[in-house]
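Scroll down for the structure; my scribbles are underneath it.
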Amino acid sequence: MSTTVVPEKTSRFVRRHWIVAGTGLAVVALAVFGWRWWTVGRFIESTDDAYVRADVVTVSSRVAGYVARVAVDDNQPVRRGDVLATLDDRDYRAKLDDARAAVAAADA
Numbered sequence: 017m018s019t020t021v022v023p024e025k026t027s028r029f030v031r032r033h034w035i036v037a038g039t040g041l042a043v044v045a046l047a048v049f050g051w052r053w054w055t056v057g058r059f060i061e062s063t064d065d066a067y068v069r070a071d072v073v074t075v076s077s078r079v080a081g082y083v084a085r086v087a088v089d090d091n092q093p094v095r096r097g098d099v100l101a102t103l104d105d106r107d108y109r110a111k112l113d114d115a116r117a118a119v120a121a122a123d124a
């Protein structure tokens, strides 16, 4: 049976090679993780209790009616006084015409 003796110089070279390779691999892995987080991960919103804080406002009109046109898009910032929707006014115009006709008939 023969025993092979590995010179200590070769053993140090192999160990240093593995250390450098492992360090390089760790640096590359951290760079990839950092790039992924910087481009995508930091924009991901997550929560443990399934609640996200948001501003909620109740919106109502002064009169009842059908919505004819919505003037804003989803998540569009608005300020007080901005027109959010336009109501269909055909019913009110018909009532106004009836009232004007009644006034004209009463005056005649």
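Heads up, the sequence shown is in my numbering, so the first residue is 17 and it goes up one at a time.
Backbone N, C-alpha and C fix where the C-beta goes; we use that ideal spot for every residue, glycine too.
Being a predicted model, the structure only gives us computed values, none of them experimental.
One or two residues paired with residue i in a DSSP bridge
| i | result |
| --- | --- |
| T12 | Because the chain here runs from 17 to 124, residue 12 falls outside it and cannot be looked at. |
Three-state class that DSSP yields for residue i in the structure shown
| i | result |
| --- | --- |
| A47 | helix |
| S27 | helix |
| I35 | helix |
| A66 | coil |
| V79 | coil |
| A110 | helix |
| R97 | Rather than Arg, the amino acid found at residue 97 in this sequence is Gly. G97: coil per DSSP, three-state reduction. |
| D90 | coil |
| T74 | coil |
| A122 | helix |
Under 9 Å between C-beta atoms of residue i and residue j
| i | j | result |
| --- | --- | --- |
| D98 | A84 | no |
| Y108 | V79 | yes |
Rounded Cβ spacing between residue i and residue j (contact assumed at less than 8 Å)
| i | j | result |
| --- | --- | --- |
| G81 | L103 | 4 Å |
| V88 | L100 | 5 Å |
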